[in-house]
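Undergrad:
Number of protein chains: 2
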Amino acid sequence: MKTTKKFVLTDDQLPEYWYNVLADIPHLDPMLNPKTGEVLKPEDMEPLFARHLIEQEFSRQRWIEIPEEVRTLLKIYRPSPLVRASGLEKALDTPARIYFKNESVSPVGSHKLNSALPQVYYNKIEGVKCLTTETGAGQWGSALSIAAKHFGLDAEVFMVRLSATQKPYRRMVMETYGGKVTPSPSDTTAAGRELLAKYPDTPGSLGMAIAEACEAALTRPDTKYVLGSVLNFVTLHQTIIGLEAEKQFEIAGDHPDIIIGAFGGGSNFGGISLPFYRHQVEGKRHYDFIAAESTNCPKLTQGEFRYDFGDSSGMTPLIPMYTLGHDFQPAPIHAGGLRFHGAGAIMSELFKEGVIRAVDIDPKEIFETGIMFSRCEGIIPAPESCHAIAAAVHEAVKCRETGEEKVILFNLSGHGLLDLKAYESSPK
Amino acid sequence: MKTTKKFVLTDDQLPEYWYNVLADIPHLDPMLNPKTGEVLKPEDMEPLFARHLIEQEFSRQRWIEIPEEVRTLLKIYRPSPLVRASGLEKALDTPARIYFKNESVSPVGSHKLNSALPQVYYNKIEGVKCLTTETGAGQWGSALSIAAKHFGLDAEVFMVRLSATQKPYRRMVMETYGGKVTPSPSDTTAAGRELLAKYPDTPGSLGMAIAEACEAALTRPDTKYVLGSVLNFVTLHQTIIGLEAEKQFEIAGDHPDIIIGAFGGGSNFGGISLPFYRHQVEGKRHYDFIAAESTNCPKLTQGEFRYDFGDSSGMTPLIPMYTLGHDFQPAPIHAGGLRFHGAGAIMSELFKEGVIRAVDIDPKEIFETGIMFSRCEGIIPAPESCHAIAAAVHEAVKCRETGEEKVILFNLSGHGLLDLKAYESSPK
Numbered sequence: 000m001k002t003t004k005k006f007v008l009t010d011d012q013l014p015e016y017w018y019n020v021l022a023d024i025p026h027l028d029p030m031l032n033p034k035t036g037e038v039l040k041p042e043d044m045e046p047l048f049a050r051h052l053i054e055q056e057f058s059r060q061r062w063i064e065i066p067e068e069v070r071t072l073l074k075i076y077r078p079s080p081l082v083r084a085s086g087l088e089k090a091l092d093t094p095a096r097i098y099f100k101n102e103s104v105s106p107v108g109s110h111k112l113n114s115a116l117p118q119v120y121y122n123k124i125e126g127v128k129c130l131t132t133e134t135g136a137g138q139w140g141s142a143l144s145i146a147a148k149h150f151g152l153d154a155e156v157f158m159v160r161l162s163a164t165q166k167p168y169r170r171m172v173m174e175t176y177g178g179k180v181t182p183s184p185s186d187t188t189a190a191g192r193e194l195l196a197k198y199p200d201t202p203g204s205l206g207m208a209i210a211e212a213c214e215a216a217l218t219r220p221d222t223k224y225v226l227g228s229v230l231n232f233v234t235l236h237q238t239i240i241g242l243e244a245e246k247q248f249e250i251a252g253d254h255p256d257i258i259i260g261a262f263g264g265g266s267n268f269g270g271i272s273l274p275f276y277r278h279q280v281e282g283k284r285h286y287d288f289i290a291a292e293s294t295n296c297p298k299l300t301q302g303e304f305r306y307d308f309g310d311s312s313g314m315t316p317l318i319p320m321y322t323l324g325h326d327f328q329p330a331p332i333h334a335g336g337l338r339f340h341g342a343g344a345i346m347s348e349l350f351k352e353g354v355i356r357a358v359d360i361d362p363k364e365i366f367e368t369g370i371m372f373s374r375c376e377g378i379i380p381a382p383e384s385c386h387a388i389a390a391a392v393h394e395a396v397k398c399r400e401t402g403e404e405k406v407i408l409f410n411l412s413g414h415g416l417l418d419l420k421a422y423e424s425s426p427k
Numbered sequence: 000m001k002t003t004k005k006f007v008l009t010d011d012q013l014p015e016y017w018y019n020v021l022a023d024i025p026h027l028d029p030m031l032n033p034k035t036g037e038v039l040k041p042e043d044m045e046p047l048f049a050r051h052l053i054e055q056e057f058s059r060q061r062w063i064e065i066p067e068e069v070r071t072l073l074k075i076y077r078p079s080p081l082v083r084a085s086g087l088e089k090a091l092d093t094p095a096r097i098y099f100k101n102e103s104v105s106p107v108g109s110h111k112l113n114s115a116l117p118q119v120y121y122n123k124i125e126g127v128k129c130l131t132t133e134t135g136a137g138q139w140g141s142a143l144s145i146a147a148k149h150f151g152l153d154a155e156v157f158m159v160r161l162s163a164t165q166k167p168y169r170r171m172v173m174e175t176y177g178g179k180v181t182p183s184p185s186d187t188t189a190a191g192r193e194l195l196a197k198y199p200d201t202p203g204s205l206g207m208a209i210a211e212a213c214e215a216a217l218t219r220p221d222t223k224y225v226l227g228s229v230l231n232f233v234t235l236h237q238t239i240i241g242l243e244a245e246k247q248f249e250i251a252g253d254h255p256d257i258i259i260g261a262f263g264g265g266s267n268f269g270g271i272s273l274p275f276y277r278h279q280v281e282g283k284r285h286y287d288f289i290a291a292e293s294t295n296c297p298k299l300t301q302g303e304f305r306y307d308f309g310d311s312s313g314m315t316p317l318i319p320m321y322t323l324g325h326d327f328q329p330a331p332i333h334a335g336g337l338r339f340h341g342a343g344a345i346m347s348e349l350f351k352e353g354v355i356r357a358v359d360i361d362p363k364e365i366f367e368t369g370i371m372f373s374r375c376e377g378i379i380p381a382p383e384s385c386h387a388i389a390a391a392v393h394e395a396v397k398c399r400e401t402g403e404e405k406v407i408l409f410n411l412s413g414h415g416l417l418d419l420k421a422y423e424s425s426p427k
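Chain order of the listed sequences is A and B. Residues 0 to 427, numbered by numbering that gives the first Met the number 0, are exactly what the first sequence covers, in order. Residues 0 to 427, numbered by numbering that gives the first Met the number 0, are exactly what the second sequence covers, in order.
1) When the cut-off is 8 Å and only beta carbons count, does S58/A lie next to chain B?
2) Please name the residues in the region 154–186 of chain B whose beta-carbon is closer than 7 Å to at least one beta-carbon of chain A, in chain order.
3) Taking C-beta to C-beta, are Y168/A and L417/A nearer than 8 Å?
4) Among P382/B, L72/B, F409/B and L112/B, whose alpha-carbon lies nearest the alpha-carbon of S425/B?
5) Rounded to whole angstroms, what is the Cα-Cα separation between I365/B and A391/B?
6) Indicate the three-state DSSP secondary structure (helix, strand or coil) for P452/A in the structure shown.
7) Using the Cα positions of M30/B and A49/B, report the straight-line distance between them to the nearest angstrom.
8) If you draw a straight line from the C-alpha of M0/B to the C-alpha of E400/B, how long is it?
9) Quick check: is the beta carbon of G336/B nearer than 8 Å to any beta carbon in chain A?
10) Check the Cβ of K74/A against every Cβ in chain B and list those closer than 8 Å, keeping chain order.
11) Work out the CA separation of I378/A and A95/A for me, nearest whole Å.
12) Assuming contact is defined by CB atoms lying nearer than 8 Å, are F275/A and E303/A in contact in what I supplied?
13) From the DSSP secondary-structure annotation, give me the bridge partner or partners of H414/B.
14) Taking only beta-carbon positions, decide if R374/B is within less than 8 Å of chain E.
15) Can you list, in chain order, the residues of its chain with a C-beta nearer than 6 Å to that of A190/A? Leave out the 5 residues immediately preceding and following it.
16) Which residue's Cα is closest to the Cα of I24/B: H51/B, E348/B and K148/B?
17) Can you list, in chain order, the residues of the region 114–148 of chain A whose Cβ is nearer than 8 Å to any Cβ on chain B?
18) Give a yes or no on whether 8 Å exceeds the smallest Cβ distance from E423/A to chain B.
19) Can you confirm whether G252/A, when its beta carbon is compared against all beta carbons of chain B, has any partner nearer than 8 Å?
20) Would you kindly work out how many angstroms separate the C-alpha atoms of F150/B and A115/B, rounded to a whole number?
21) Can you pull the chain A neighbours of L417/B, defined as C-beta to C-beta under 7 Å?
22) Measure the CB-CB distance between A334/B and S373/B and report whether it falls below 8 Å.
23) Which residue comes first and which comes last in the beta strand (DSSP E) that contains C129/A?
24) Could you name each continuous beta strand (DSSP E) segment of 3 residues or more that falls completely within the region 154–214 of chain A, going from the start of the chain to the end?
25) Rounded to whole angstroms, how far is the Cβ of S183/A from the Cβ of E133/A, which I believe are closer than 8 Å?
26) Could you tell me whether the Cβ atoms of G336/A and A291/A are closer together than 8 Å?
27) Give the DSSP-derived three-state secondary structure of I407/B in the structure shown.
28) Contact defined as beta carbons within less than 8 Å: I believe D153/B pairs with K123/B. What is the distance between those atoms, to the nearest angstrom?
29) Are the Cβ atoms of D359/B and P319/B separated by less than 8 Å?
30) Kindly indicate if chain A contains any beta-carbon less than 8 Å away from that of D10/B.
31) Could you give the distance in angstroms between the alpha-carbon of E193/A and the alpha-carbon of H340/A?
32) Let's see if you can read the secondary structure: which residues bound the beta strand (DSSP E) around I63/B?
33) Starting from A344/A and walking both ways along the alpha helix (DSSP H), at which residues does that stretch end?
34) My assumption, with CB atoms under 8 Å, is that A147/B sits in contact with V119/B. Please give the rounded CB distance.
35) State buried or exposed for W62/B, treating a residue as buried only when at least 16 other CB atoms are found within 10 Å of its CB.
36) Any heavy atom of the ligand NAP closer than 7 Å to the beta-carbon of P274/A?
Encoded structure:
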């Protein structure tokens, strides 16, 4: 029997619209202005963000057109394949059918480019010359660096100090693409200097790097800030993952029951799950949506739902979210992308409503899972993605025990080729 | 205008047969037995190689079926995309249309898996339990490690010492996949000990590593040798690249005039060019085939056509080839895959006949080219692939000068994410 391993789409089948879930969650709590405590107005965000992105942040329009210039560049690596994890199924001896969306085929190695390209594009058409941002493991910073280069803008990336040390190759990727990398906290911003004075030996955190990047954007000419997760418009851009997957499941003649993503700020998980969620809103389907977070940063399972800042210095708007507190200092795990204290507003709301559930994955488990996956499917996964794989494995093992033929979809958000140092210490 | 950036094929369109160019070069000089100096007989190769592979080495059958078990695993990453290098065209302001076959989407990062999978498969069905091989930059060793794991065999990789030092991440990839890595020359073989005594400070070479891997295969039970280039059957397996490209050019409604590949032993370049060459044999088309070698290892432009060994210790059959001498010690350039003293028999014959031509690329040029390409097309290329890109750039610049709208195809044989150390020292 000939096996279909993966389901591909042509350039023509690249989605023309993003799905904006806010059309289906009109009751989402608003963000608040950090200075006044009042409901955040679009103009409050203008010092930091491009106007088009602010419009998307507040938009309730269900479908938002992807600009043709962005689609052209997305086609460098998209549509990404939907892959049947037949090797993993066999290794687990499960009746479940497991699929993954292979975002690791992106030239920067992860899904982050999906949002970097439109964010840079909108800034460009509004005349911005330079962009600042933070990066954890370096995936987002790499994506921003090449996206900025494509559109002719400069990029400065504040990279969590721990990751800058753990992942020197990521820094080199950013520099090869023309990005400027500053380990954070740094002495180049007031926020950085204050953090260094308070925590001289800190490994840094995404919250700290965000504070520095925001300050740099606010204080320099022609400069705006961009970010790789948390906000609604980032999740919007990532819905291209799930929208493609939906078309690919049609080709496969199958449909997912369980949809899983690693959970940092929420855009990766939202990107793959929200386009399916709209069928649930319409009462047509029901899904088991699972956010796989780290036991070291368990904002959904252990956090509190309340207003909190997105950064550690209180510069961002107040976001209604599950949070461990904006001064939470996560342990130095290798899955840098999951070391964020809070969950974005959309996914927080859906968690509160019971639409999605969360599982915590132990860091001790993830490299074991990554090695097994790499030997079954050939791809060495990013530490972040290992959380999604581990959750998928748990579900597939349950199916083996119950005999249920569930269909599991997870997002392989990135490869781990630049995270190999982390694999090195794991027993083979 | 909507741009088609890449041309994809579905799993069903994966070629079912390899093209064996020996059907069209029946006059190819035979290999010789190194001990007797007589024409090599298939049985002479049996101590080292699987019988099916020896059959392929000698076969004159034009089309050879790809086993279904191999096709199933090839589908993990194949068919690979044919990509229009529109970013590069724009940067060069050339009327040429440039396409590349993106072999970097392979989970091991290069085209090498195309031959690793069938080589392991044939060994497996013949009862072999362990495989030995050499690797330069580590691309082939990574491919062999995961291919062996897929089929349940053990793999030991003798890795050129220089590359083992330059590219620690490559070693980690092999170990993650379950391969055993031994820096070469090593004290684990007689050949290695002899080389170490003679050249104590040697950075190693592919020829030396081949000698060790062959000895290990000959002296251990249930063990055979596999290799990543040079021999006819490796080139045969790599023709899948050109066969896919041919179908993809049909979809694009275009056809290449110039076909370029980096040149190490010849399988990468042969893989993309030979399927097109068959149309030239039939008198239907004419192509400008360009082998891009390194000025540091210029076997085609500076070598001599004669019988020589494939390894540095004289253990392999004598091959009719362009060679710099089997004891040639190439400079320690980063493009480890090109540090081989000779050219495989097929490509040597075609070079002698004037069917292909060769250009030498200066190591100083390749990272500059790689950085330019990465900023135009998003993909950081392997140092080996930079040679092909540089040759393509030279041709595209000629087109700019002459105004000719030539169609250039090159093989992007791999990405450089694990070669970033080499990029680091290059000016950005």
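The C-beta atom is built at its ideal place from N, Cα and C for all residues, glycine as well. The structure displayed is predicted, hence computed values, not measured ones.
TA: To lay it out plainly:
1) no
2) Y168, M171, V172, E174, T175, Y176 and G177
3) yes
4) P382/B
5) 12 Å
6) Look at the range of chain A in this structure, 0 to 427, and you will see that residue 452/A is not part of it.
7) 17 Å
8) In this prediction, M0/B scores a pLDDT of 44, lower than 50, which makes its location untrustworthy; the coordinate-derived value is nonetheless stated afterwards. Between M0/B and E400/B, the C-alpha separation is close to 27 Å.
9) no
10) T2, T3, K4 and K5
11) 20 Å
12) no
13) P380/B
14) As a matter of chain content, chain E is missing from the structure shown, whose protein chains are A and B.
15) A210, E211, E214 and S312
16) E348/B
17) I145 and K148
18) yes
19) no
20) 11 Å
21) L416
22) no
23) C129 to T134
24) 179–183
25) 7 Å
26) no
27) strand
28) Contact doesn't hold; Cβ gap of about 11 Å is too wide.
29) no
30) yes
31) 20 Å
32) W62 to E64
33) A344 to K351
34) 5 Å
35) exposed
36) Only the bare structure without any ligand can be found here, which leaves the ligand NAP out of the picture.
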